[in-house]
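Q: This structure is in structure tokens; I'll ask about it shortly.
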Amino acid sequence: MSLHDLPLGPLERAFVDSLRRLDPRAPDSVLAAAALCCSALAAGDVCLPLARLAGRPAWPELDAGCVLPPLAQWRAELAGSRLVGALGAFAPLILDGERLYLARYHAYETRLAARLLERAGRQPELDEASLRDSLARLFAFNTQQPDWQRLAAAQAVRRNLAVISGGPGTGKTTTVVRLLAALLEQPGCQGLAIGLAAPTGKAAARMAEAIRNAKAELPVSDEVKAALPEEARTLHRLLGSRGDSPAVRHDAANPLPLDVLVVDEASMIDLALMAKLLEALPPQARLILLGDKDQLAAVEAGAVFAELCEGRGFDAEAAKRLEQLIGQRVPVSKPRSLLGDAVVLLTHSHRFAGDSGIGELARRINAGDGRGTLQLLQEGRADLLWNAAPSAAALLDRLARGYAPYLTAAGKGDPAAAFAAFAAFRVLTAQREGQWGVAGINEAFEARIKRRANVASRERWYPGRAVMVRQNDYALGLYNGDIGICLATPNGLRVFFESEQGYRPFAPARLPSHDSAFAMTVHKSQGSEFGEVLLVLPETPSPLLSRSLFYTGITRARRTVEIWGLPARLREAVETRAERAAGLAERLGASPAPACPQIEPAGDQLDLF
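All letters in the sequence shown, in the order written, are residues 1 to 609 by UniProt numbering.
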């Protein structure tokens, strides 16, 4: 097998060249593994699963000459290379069983597993009588048996690690604000330093707003209400990111000054960021992770939140203790990891009623039921529409109807009315490029808007243009994912953004990097809600189509979902489970807990390996 003229990207080729300089005698099988490891990382995998690729073409698009060795031979060649180290070694690549890692990501994964297990094993002092009273009062409105919100709150108060997963409308925010109130009612906990954070600025702002709104109705004292936090930060800002460097200001040597940290939209957190977060949090601090295990994973490598949720379960002893706290029977199920009862799944949706078509569609998608999904879409449910034979011209007509109320509102120049109308309808896509992607749809629809409004095609800005910010600008207070709407004002065109103080106008030239936002990817829509959602799937097979993408897209809707896609694409999406290669779940199931590796790569070493 020769690596000459192979379809390597610039990063993979540079990495292979650097390894060749370190070991000119390195066999092609080792260099190919290194290149594939780099490619896997870019695709979201934490490691390269050797067993999945051994004996197969490394690059299937090539006819011949790139077949990888059998597994035993490949492992032996990797283990014998100077470029590959075993556990605890310092080398560019780490071989761990049948998984090959870039050294930095192996350190991230092993350290994260150790920190999680250490935190899950800590149980702070608890006044059970006070907690029982708090839970009964704070969750008296719930009639479900068992009350999973109450159970999740109990676990979060009595443990230093709580992982709470739930779909849209299952009450994650309600649960967290009430569990924080219960925690603050514990003796000696009134002065706790509580932090709120999320992966994106939009998610952080939404979380803070939801908690501010929810705490007004709490049956607690004014002192407890005053102690509840009202501000949230992005994780990058919380940790003190340093530009392009992988290092952050807060780490084990300089921990965060927090007693409790609540992180929303945790399914969007990649392995590297989660590892840095656990390193920076003091060992005695409580960590509460909120998310939806069925949603799309992070854009970067890893599906940490989903892996944490794999091992959920309550053994008989844990169930008995919880029954005493919440006064209800707790189902017993054998935990599949050492995190065990630290993970709670909220199952009752307050947004989708029992007869909801969207709710039923979400269940069938998550079950991988392709045939049942198509049958449901053909039933004519009021909240589910399906166009099985989409065309580009018909899509533009549909967008024109869907956005007509918004464009009318935008033409009047009132930011509040424009934002309300824009949130009522949204187009989501699986991909960025192509006729059925964000770029193609936005370009075609904007050309239509400009023609009808007599706006020159070369003009970028016009009343009604909606944009999404692509990068954080802390000076302006604008963050990746923020939506802005261009409106006419007495001072010319201004782009308005929602804020706590109302609507903030900016001159278009001041905005950071941005895109038009009439259509947006499902990835970018995570955490948002819209009245109606039009989900557009590509005409041809795509590696982006998966169960988690389909589920995430349809559950952004509050009232109606309209799906434009061929039956084959819908079935492919439902039956394709996006799995990322990683070893975190296995490490969390191992006993005893793995020790933190002695390697502490930092600075230049992190960049190299």
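Backbone N, C-alpha and C fix where the C-beta goes; we use that ideal spot for every residue, glycine too.
Can you give the beta carbon distance from Leu584 to Glu307, rounded, assuming they're within the 8 Å contact cut?
A: Contact holds; Cβ gap of about 5 Å.
Q: Whole angstroms are fine: how far does the CA of Leu196 sit from the CA of Leu239?
A: Roughly 12 Å between the two C-alpha positions.
Q: On the premise that Glu231 lies in contact with Gln190, defined as a C-beta separation below 8 Å, what is that separation, rounded to the nearest angstrom?
A: At roughly 19 Å, the Cβ-Cβ gap does not stay under 8 Å, so Gln190 and Glu231 are not in contact.
Q: Got a sec? Which residues, its chain only, sit under 8 Å from Pro70 by beta carbon, not counting five neighbours each side?
A: Correct list, in chain order: Ala54 and Gly55.
Q: With respect to the beta strand (DSSP E) encompassing Cys486, which residues constitute its N-terminal and C-terminal limits?
A: Looking at the DSSP string, the run of the beta strand (DSSP E) that includes Cys486 is Ile483 to Thr489.
Q: What are the uninterrupted segments assigned as beta strand (DSSP E) that are 3 or more residues long and contained completely in the segment 320 to 382, given in chain order?
A: The segment 320 to 382 contains these whole beta strand (DSSP E) runs: 343 to 346.
Q: Using 7 Å as the threshold, is the C-beta distance between Leu549 and Val522 below it?
A: Yes.
Q: Would you list the one or two residues that DSSP bridges to Ala197?
A: Answer by DSSP bridge pairing, in chain order: Arg233 and Val263.
Q: Assuming Ala424 and Ala417 are in contact, meaning their beta carbons sit under 8 Å apart, how far apart are those beta carbons, in whole angstroms?
A: Contact doesn't hold; Cβ gap of about 11 Å is too wide.
Q: Residues in the same chain with beta-carbon distance under 8 Å from Pro594, minus the five sequence neighbours each way, listed in chain order, please.
A: Any reading at Pro594 must be qualified, since the residue scores a pLDDT of 42, below 50, and its modelled position is unreliable; no value is offered.
Q: Measuring CA to CA, which of Arg321, Ala103, Glu539 and Pro257 is closest to Arg159?
A: Cα-wise, what sits closest to Arg159 is Arg321.
Q: Quick one: which unbroken beta strand (DSSP E) runs of 3-plus residues sit fully inside the segment 28 to 83? Chain order, please.
A: If we require 3 residues or more, the segment 28 to 83 turns out to have no beta strand (DSSP E) run fully inside it.
Q: Going by DSSP in three states, Asp270 sits in which element: helix, strand or coil?
A: Asp270: coil per DSSP, three-state reduction.
Q: Select from Ala394, Ala421, Arg398 and Phe518 the residue whose C-alpha is nearest the C-alpha of Val438.
A: Considering only alpha carbons, the answer is Phe518.
Q: Tell me, to the nearest whole angstrom, how far the beta carbon of Val46 is from that of Ala453; I am working on the premise that it is less than 8 Å.
A: With a Cβ gap of about 48 Å, Val46 and Ala453 do not count as contacting.
Q: Nearest-angstrom Cα distance between Gly97 and Arg577?
A: Taking the straight line from one Cα to the other gives about 24 Å.
Q: Please state the DSSP three-state secondary structure of Val177.
A: Helix.
Q: Pick from Ala507, Asn491 and Pro490: whose alpha carbon is nearest that of Asn497?
A: Here residue 497 turns out to be Phe, not Asn, going by the sequence shown. Phe497 has its Cα closest to that of Ala507, out of Ala507, Asn491 and Pro490.
Q: Considering Asn387, what are the terminal residues of the beta strand (DSSP E) in which it resides?
A: Counting along the chain, the beta strand (DSSP E) containing Asn387 begins and ends at Leu384 to Asn387.
Q: When DSSP labels each residue in this structure, what does Pro10 get in the three-state scheme?
A: DSSP places Pro10 in helix when its eight states are reduced to three.
Q: So, does the segment 192 to 212 touch the segment 526 to 540, judging by three or more C-beta pairs under 8 Å?
A: With a cut-off of 8 Å, the segment 526 to 540 and the segment 192 to 212 count as touching, because enough Cβ pairs lie within range.
Q: For the segment 479 to 557, list the alpha helix (DSSP H) runs that are entirely contained and at least 4 residues long, ordered along the chain.
A: Whole alpha helix (DSSP H) segments, 4+ residues: 522 to 525 and 547 to 554.
Q: In three-state terms, what does DSSP make of Leu223?
A: In the sequence under discussion, the amino acid at residue 223 is Glu, which differs from the Leu named in the question. It is helical.
Q: Is Glu452 helix, strand or coil when you go by DSSP?
A: In the sequence as presented, Glu is not what sits at residue 452; that position holds Arg. If DSSP states are grouped into helix, strand and coil, Arg452 belongs with the helices.
Q: With distances taken between CB atoms, is the gap from Ser241 to Ala182 smaller than 7 Å?
A: The answer is no: Cβ separation not under 7 Å.
Q: Using the three-state DSSP reduction, which class does residue 686 fall into: helix, strand or coil?
A: With the chain covering only 1 through 609, there is no way to say anything about residue 686.
Q: Please tell me whether residue 614 and Ser29 are closer than 7 Å, where the distance is taken between their beta carbons.
A: Missing from the structure shown is residue 614; the chain here goes from 1 to 609 and no further.
Q: With DSSP as the reference, identify every bridge partner of Leu287, one or two as the case may be.
A: DSSP, once it has assigned bridges, lists Leu161 and Leu261 as partnering Leu287.
Q: Distance check for Leu22 and residue 621, CA to CA, integer angstroms please.
A: Given that the chain is displayed from residue 1 to residue 609, the structure contains no residue 621 and the question cannot be resolved.
Q: Starting from Ser241, follow its DSSP beta bridges and name the residues at the other end.
A: Note: Ser241 sits in a beta bridge opposite Val248.
Q: Can you check which of these residues, Ala193, Gly166 and Arg132, is closest to Gln295 by C-alpha distance?
A: The option with the nearest alpha carbon to Gln295 is Gly166.
Q: Run the CB neighbour count on Pro390, radius 10 Å, all protein chains shown included, and call it buried at 16 or more, exposed below.
A: Burial call: buried.
Q: If we call anything under 7 Å between Cβ atoms a contact, is Leu287 one with Tyr108?
A: No, they are not a contact pair.
Q: Ala488 to Pro331, Cα distance in whole Å?
A: Ala488 and Pro331: Cα-Cα distance of roughly 58 Å.
Q: Starting from Asp96, trace the beta strand (DSSP E) both ways and give me its first and last residue.
A: From DSSP, the beta strand (DSSP E) with Asp96 extends over Leu93 to Asp96.
Q: If you draw a straight line from the alpha carbon of Ile358 to that of Thr429, how long is it in whole angstroms?
A: In a straight line, the C-alpha of Ile358 is about 18 Å away from that of Thr429.
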